[in-house]
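Numbering (my numbering), first residue to last: 1 to 128. C-beta: ideal position from N, C-alpha, C; glycine also. Owing to the predicted nature of the structure, the values given are computational and were not obtained by experimental measurement. Some notes on the structure that comes next.
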Amino acid sequence: MSSKIFKKAISRITPEERAEMVKSLEIISQIHFIMDKKGINQKTLAEMLNVSPAAVSKMLLPGSNLGMKTIVKLELLFGETILTTPQKIEEEFEKYIELPLDKDISERCLSIVWNAAEETGMEVAITG
């Protein structure tokens, strides 16, 4: 019976609401990841933000609506990015892709790619 009620409730969620919940979970997950990495618990974060532990607990609940001010405040506090864009990720990635390689390294890399392609039967196209 409860399964039917749950399925009915889930079916009423709009695509926009579902997408919003997913984004919220991604952001909160990133905050927890950074906190774990830095050894910060909720009590310590509350002290750092000068708010109650209950306020931090509420802020980190799935579905909480964190505003941009809060996200930026946390980013500055942690010294880490919580929220980014595909464009920013691509720009950061390109910094590493465009590193100049000396000829010997380039030839060894190309050799590895060709050998892997031959072993797997994949085609390799070289552009630019």
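- Between the beta-carbon of residue 71 and that of residue 83 there is about 5 Å, and that keeps the pair under the 8 Å contact cut.
- The Cβ neighbour count for residue 68, taken over all protein chains shown within 10 Å, is under 16; the residue is labelled exposed.
- Remark: C-beta atoms of residue 122 and residue 77 do not approach each other more closely than 7 Å.
- Residue 24 is a Cβ neighbour of residue 63, given a cutoff of 7 Å.
- For residue 21, same chain residues with a beta-carbon under 7 Å away, outside a window of 5 residues either side, are 63 in chain order.
- Non-local C-beta neighbours of residue 58 in its own chain, meaning closer than 7 Å and more than five positions away in sequence, comprise 64, ordered along the chain.
- Annotated three-state conformation of residue 82 is coil, per DSSP.
- Sequence-distant Cβ neighbours of residue 53 in its own chain, meaning closer than 7 Å and more than five residues away, are 42, 43 and 46.
- Here DSSP, grouped into helix, strand and coil, assigns residue 115 to helix.
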